[in-house]
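Residue numbers (UniProt numbering): 1 to 716.
Report on the structure given below.
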């Protein structure tokens, strides 16, 4: 028990040291430090930087050092605190001589720069240039690109995990661990993108601190301590450069560690083994040895050095050849080509495609090149890139985030992330929306224009590019920005191009929500519900309703825009009907009356009337008689065109007033008529008369197939 108590107490003790250390670092910036303590901290700073560099070098993959961004921040703040403390001592006691700021600064001032402040200044400037312009700038760019590509690839990795889970390759526990690793990787590279700015800022701060020390020291030495300008310059410049070098060398080590981490590729070896295994190629060392030997024979060259280098390169070539297996002597592929495999002899000869034959060397094709597991993708032409560039005022990304949140709240499950990709194969102003692998919509937008949609009081026609609104199919026109005032004065609704694309995406997400819900998503909903209703979940899934059946039921509801947010109600009702219904479509149909109020409150507020589109009695009777159990509705083409034309006209008229209609039919016809409209690409909400709640006021907006009533006029 005592051992257990000590073990449980140890992490608490370690966790308490870090906050105390941070507070001590902050105190160093305010309180003066004794010289002995300052020397100890300078030595510890060098030790810490070396330790971080060694851990970075011996990590097998970047995530093995996932705490690096935090360590980098702490080390940077610690070093800056030391700079402040040493600056205080240099400026207050520098007139006493080179040892006034401690032994470490004195050693760097005398030994490293040989007491010559001009040499020290040049060395310091070179270190800063190496650190800031080469290592830090390159590491920052790599961090930025790595973060971008990691976040772009995240949906694809998640889908790959889902595919492996569904195929039985992974267990649920392994899938959860893989998902957590993908999320941790995204967090790490995102943090590294910001952490690289610490290194850059630290290097710039070193230059400014050096300049402040030199100028301040000269002023203080001449004005307060009576030193001549030459004496003050020699004393304070020497101390300032020694102080700068003490800080700049650990800063350089951390910059190298940052570059190592962000350029590291996941491997089963540390960095030394990884590089050694790839440059230890005897066929590369042989020509190196030959060239060095030839240079060693040229008169006037340092022949002995070149011949020794040639001998060393030849020795490496011989040693690496011995380490290779007999069948692994094939030359490496040229950059950009697929690696070749050795041709091994096969007993009795082998035909093309079997093991042991010469492989196809035309170039390997990987699965990543031909698959895209992103659930939602928007492909844009190069002309629409300003819509996603923050510097150009692009607002599409933030609009899409809002759309995802809105649709997720309305439908009752989390809509996955949207990948935006530029596609040079598309026309400049075109965009394309994909759900899974299917193209569900494509249209055009003009980032330098605005879309004007006519209202009920519009009287004149605007100059511009006449189109159909991609979301609702209304007549619209792309106008120049200076025409906006004129358009709004004539009752046009003017929409930004980013809003046009985002609204179009919103319509597609509602229409294809069923395609975005998978078994893992349903399991996530159940796990969330289990926290508040564990008995309900345990008693229904999978005892009464298997997970795949529940998924099919929820997808059937989503296919007709029915929200699934009230999952407890859905499970309770499914538990009661599981004994008499077995088909998911039948279960979904039976659930609709209980869920209909949630759908209707999204269409119109409770106090407003519902606008209904009905079918003429003769048409409804005809369609009911034409219903076939397996083939659905069998409708003559002329009648189909008439139904679809009148329905489209009624929907457009209501959309112009900012209203959404509900098509209402009999309960016997509802399911078949909804499938009929979906088959012909009509996005309409079809409900049965029995599904309309008693507490809602209704207005008949139009009647299909008979005398139609005009949509009600907009209220003032």
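Yeah, the Cβ is synthetic: ideal placement off N, Cα and C, and Gly gets one too.
- Assigned with DSSP and collapsed to three states, residue 530 falls in helix.
- CA-to-CA, the gap between residue 543 and residue 162 works out to about 24 Å.
- For the pair residue 522 and residue 571, the CB atoms are not nearer than the 8 Å cut-off.
- Exclusion of the five residues before and after residue 506 leaves 403, 406, 407, 471 as the residues of its chain whose Cβ lies within less than 8 Å of its Cβ.
- Of all alpha-carbon atoms in 376, 446, 409, 623, the one lying nearest the alpha-carbon of residue 668 is that of 623.
- Leaving aside the five residues that flank residue 596 on each side, the residues in its chain whose CB is nearer than 6 Å to its CB run, in chain order, 691.
- In terms of CA proximity to residue 206, 80 leads the group 578, 80, 535.
- Taking every protein chain shown into account, the CB of residue 419 has 16 or more other CB atoms within 10 angstroms, so this residue is buried.
- Per the coordinates, the alpha-carbon of residue 232 lies some 44 Å from the alpha-carbon of residue 142.
- By the Cβ neighbour-count rule, residue 646 is buried, with 16 or more other Cβ atoms within 10 Å of its own.
- Short of 8 Å from the beta carbon of residue 648, and not among the five residues preceding or following it, lie these beta carbons of its own chain, in chain order: 473, 682.
- The three-state secondary structure of residue 93, taken from DSSP, is helix.
- For residue 438, the enclosing beta strand (DSSP E) starts and ends at 438–444.
- By the C-beta density criterion, residue 664 is buried, having at least 16 other C-beta atoms within 10 angstroms.
- When DSSP reads this structure, residue 478 sits in a beta bridge with 451, 465.
- In this structure residue 620 does not touch residue 582 by the C-beta definition: roughly 29 Å separates them, more than the 8 Å allowed.
- Boundaries of the alpha helix (DSSP H) around residue 555: 547–559.
- The DSSP-derived three-state label of residue 492 is strand.
- Measuring C-alpha to C-alpha distances from residue 192 to each of 158, 255, 214, 157 identifies 255 as the nearest.
- With a threshold of 16 other beta carbon atoms within 10 Å, residue 459 falls short and is exposed.
- For residue 54, the enclosing alpha helix (DSSP H) has its first and last residue at 35–57.
- In chain order, 587, 590 place their CB closer than 7 Å to the CB of residue 577, counting only its own chain and leaving out the 5 sequence neighbours on each side.
- Secondary-structure assignment with DSSP links residue 628 through a beta bridge to 632.
- Per DSSP, residue 227 is not a residue of any alpha helix (DSSP H), being assigned neither H nor E.
- By the neighbour-count definition (other C-beta atoms within 10 Å, threshold 16), residue 611 is a buried residue.
- Three or more beta-carbon pairs drawn from the segment 487–501 and the segment 446–456 are found closer than 8 Å, and the two stretches are therefore classed as touching.
- The criterion of a C-beta distance shorter than 8 Å is satisfied by residue 25 and residue 77.
- Residue 293 is not a Cβ neighbour of residue 317, given a cutoff of 8 Å.
- Around the beta-carbon of residue 308, fewer than 16 other beta-carbon atoms lie within 10 Å, marking it exposed.
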